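Engineer: Pasting a structure below so you can have a look.
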Amino acid sequence: MSSDFKMSVLASSSQGNSTYIETPNSKILVDAGLSGKKIEAAMTSIDKDIADVDAILVTHEHSDHIQGVGVLARKYGISVYANEGTWEQMAPKIGKTENIDKHIFEMGATKTLGDLDIESFGVSHDAREPQFYQFHYQGKSFAILTDTGYVSERVKKTIESADAYLMECNHDLEMLRNGSYAWSLKQRILSDRGHLSNDDGANTLMDVIGNSTKQIYLGHLSPENNLKKVAHETVAKDLIEHDFGVEHDFHINDTDPVKAQPLCDI
Ligand SMILES: [Zn+2]
Ligand SMILES: [Zn+2]
36 MSSDFKMSVL
46 ASSSQGNSTY
56 IETPNSKILV
66 DAGLSGKKIE
76 AAMTSIDKDI
86 ADVDAILVTH
96 EHSDHIQGVG
106 VLARKYGISV
116 YANEGTWEQM
126 APKIGKTENI
136 DKHIFEMGAT
146 KTLGDLDIES
156 FGVSHDAREP
166 QFYQFHYQGK
176 SFAILTDTGY
186 VSERVKKTIE
196 SADAYLMECN
206 HDLEMLRNGS
216 YAWSLKQRIL
226 SDRGHLSNDD
236 GANTLMDVIG
246 NSTKQIYLGH
256 LSPENNLKKV
266 AHETVAKDLI
276 EHDFGVEHDF
286 HINDTDPVKA
296 QPLCDI
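Per the working numbering, the very first residue in the sequence shown carries number 36; after that it's consecutive.
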């Protein structure tokens with residue numbers, strides 16, 4: 036049965052992130068971390084019009100999450116939500132903000148936008164006040180968790196048993212260790228305030244997947260230190276080894292740095 040709670044990962048990688056979520060009365064983007072033009076094109080590719088988007092929810096001020104925020108907010112009058120720390124850091128980086136419809140979305144708060152209830156939760160990442168979001172509509176939920184070096188029990192409890200996940204699989208440990216990045220950058224990525232590896236993503240999923248979980252998207256892959264195939268195989272293997280019903284109970288989906296995923300029923 037088709038649902039009227041849908042989402043598409045428009046783009047995901049450590050170079051640019053944006054996810055679209057819709058219900059009959061709400062159309063939301065989480066982050067706009069590519070150029071405005073690329074996000075417009077990604078929306079067109081799934082037969083959606085960026086002009087219909089009500090709000091952009093920003094997770095944190097890194098450029099792979101905010102690059103298109105100012106342009107899209109000004110051009111289409113889209114409201115922008117972020118917590119105070121993120122606003123402070125983001126405002127100087129997104130062009131003129133006087134005419135942007137700015138809102139505060141406090142960490143740990145729940146807000147209702149249209150018919151969608153949205154919960155924010157803090158993560159462990161080297162930004163000012165990074166937070167991610169979980170969406171609730173008619174008893175179903177979709178949780179996004181990327182850009183975190185560590186997943187606390189509190190976060191796991193918050194996103195437990197969602198119907199769909201976008202989960203970070205930033206790097207393959209071996210590829211990162213053997214790769215060309217400077218040692219200091221490797222240390223940053225591996226730290227508690229960096230990013231989740233493929234195995235970290237799998238371990239987190241094992242702790243949060245529930246009976247209602249149907250769709251898992253693997254996201255925020257590093258183009259340098261990961262491959263879709265490696266992320267997918269690592270997560271599938273880890274979950275199968277722990278007796279999860281991969282491709283029976285739920286599907287594992289890839290994401291792409293530039294190509295939008297088909298709209299998915301949550
Ligand atoms: Zn990022
Ligand atoms: Zn980040």
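By construction, the Cβ of each residue, glycine as well, lies at the ideal position given by its N, Cα and C atoms.
On a predicted model such as this, the values are computed, not experimentally measured, just so you know.
Given this structure, state the Cα-to-Cα distance separating S215 from P59, to the nearest angstrom.
Structural biologist: For the purposes of this step, residue 215 is taken as the residue at position 180 of the sequence shown. For the purposes of this step, residue 59 is taken as the residue at position 24 of the sequence shown. Distance between the alpha carbons of S215 and P59: 46 Å.
Engineer: Could you check what DSSP says for S257 in three-state terms: helix, strand or coil?
Structural biologist: Your numbering for residue 257 matches position 222 in the sequence shown. Coil.
Engineer: Taking the alpha-carbon positions, what's the M241 to D207 distance?
Structural biologist: Sequence index remark: in the sequence shown, residue 241 carries index 206 (1-based). Sequence index remark: in the sequence shown, residue 207 carries index 172 (1-based). Across the structure, M241 and D207 are spaced so that their CA atoms are roughly 18 Å apart.
Engineer: Using a Cβ distance threshold of 8 Å, determine whether the segment 128-137 contacts the segment 194-211, with at least three qualifying pairs required.
Structural biologist: Output reads no: the segment 194-211 does not touch the segment 128-137.
Engineer: For the beta strand (DSSP E) containing L180, list its first residue and its last residue.
Structural biologist: Position 145 of the sequence shown, counted from the start, is the residue given in the question as residue 180. Taken as a continuous stretch (DSSP letters only), the beta strand (DSSP E) holding L180 covers K175 to L180.
Engineer: Figure out for me which residue from E154, D182, V93 and G254 has the closest Cα to the Cα of H138.
Structural biologist: Along the sequence shown, one-based indexing puts residue 138 at 103. It is V93 whose Cα lies nearest to the Cα of H138.
Engineer: On a CA-only basis, which of K72, G149, Q173 and A162 is nearest I301? Give me that one, please.
Structural biologist: As a first step, residue 301 is located in the sequence shown; it is residue number 266 there, counting from the start. Of the listed residues, the one whose Cα sits closest to I301 is Q173.
Engineer: In the DSSP assignment, the beta strand (DSSP E) including Y200 goes from what residue to what residue?
Structural biologist: Here residue 200 corresponds to residue number 165 of the sequence shown, with the count starting at 1. That run of the beta strand (DSSP E) goes A199 to E203.
Engineer: Just checking, does the segment 150-168 make contact with the segment 176-195 on the three C-beta pairs under 8 Å criterion?
Structural biologist: yes
Engineer: Which first and last residues belong to the beta strand (DSSP E) in which I129 is found?
Structural biologist: In the sequence shown, the residue the question calls residue 129 occupies position 94. Segment: none, I129 is in no beta strand (DSSP E) and carries neither H nor E.
Engineer: To the nearest angstrom, report how far apart Y55 and I287 are at their CA atoms.
Structural biologist: As a first step, residue 55 is located in the sequence shown; it is residue number 20 there, counting from the start. As a first step, residue 287 is located in the sequence shown; it is residue number 252 there, counting from the start. Their backbone Cα atoms lie some 18 Å apart in a straight line.
Engineer: Taking only runs of the beta strand (DSSP E) that begin and end inside the segment 218-287, which ones reach a length of at least 3 residues, in chain order?
Structural biologist: Runs found: 250-254.
Engineer: Restricting to runs no shorter than 3 residues, where is the beta strand (DSSP E) found entirely within the segment 66-117?
Structural biologist: 90-92 and 114-117
Engineer: State buried or exposed for H230, treating a residue as buried only when at least 16 other CB atoms are found within 10 Å of its CB.
Structural biologist: Translated into positions along the sequence shown, residue 230 becomes position 195. Buried, since its Cβ has 16 or more Cβ neighbours within 10 Å.
Engineer: Hey, quick one: how far does the beta strand (DSSP E) through V44 stretch, first residue to last?
Structural biologist: Taking the first residue of the sequence shown as position 1, residue 44 is located at position 9. Note, V44: beta strand (DSSP E), K41 to A46.
Engineer: Does the Cβ-Cβ distance between D307 and H255 come in under 8 Å?
Structural biologist: Outside the shown range of the chain (36 to 301) lies residue 307, about which nothing can therefore be said.
Engineer: Taking the straight line between their C-alpha atoms, what separation do you get for A86 and G103?
Structural biologist: Looking up residue 86 in the sequence shown gives position 51. Looking up residue 103 in the sequence shown gives position 68. Their Cα atoms are separated by approximately 14 Å.
Engineer: Taking N134 as the reference, which of T147, A108, G120 and A117 has the closest Cα?
Structural biologist: In the sequence shown, counting from the first residue as 1, residue 134 sits at position 99. With respect to the C-alpha of N134, the residue from T147, A108, G120 and A117 having the closest C-alpha is A108.
Engineer: When the Cα of K146 is compared with those of A117, A46 and E123, which residue comes out closest?
Structural biologist: For the purposes of this step, residue 146 is taken as residue 111 along the sequence shown, with counting starting at 1. It is A117.
Engineer: Is A46 near ligand 2, with its Cβ less than 7 Å from a heavy atom?
Structural biologist: As a first step, residue 46 must be located in the sequence shown, where it is residue number 11. No, the beta carbon of A46 sits no closer than 7 Å to any heavy atom of ligand 2.
Engineer: Considering only residues of the same chain and omitting the five flanking positions on each side of I275, which have a CB-CB separation below 6 Å?
Structural biologist: For the purposes of this step, residue 275 is taken as the residue at position 240 of the sequence shown. Once the five neighbours on either side are set aside, the close Cβ partners of I275 are V281.
Engineer: Report whether the distance from the Cβ of H206 to the nearest heavy atom of ligand 2 is below 7 Å.
Structural biologist: Within the sequence shown, the letter at position 171 stands for residue 206. No, the Cβ of H206 stays beyond 7 Å of every heavy atom of ligand 2.
Engineer: Only counting the same chain, and skipping five residues up and downstream in sequence, which positions put a Cβ closer than 8 Å to that of Y185?
Structural biologist: As a first step, residue 185 is located in the sequence shown; it is residue number 150 there, counting from the start. Listed in chain order, the non-local C-beta contacts of Y185 below 8 Å within the same chain comprise S159, D227 and R228, local neighbours out to five positions each way being set aside.
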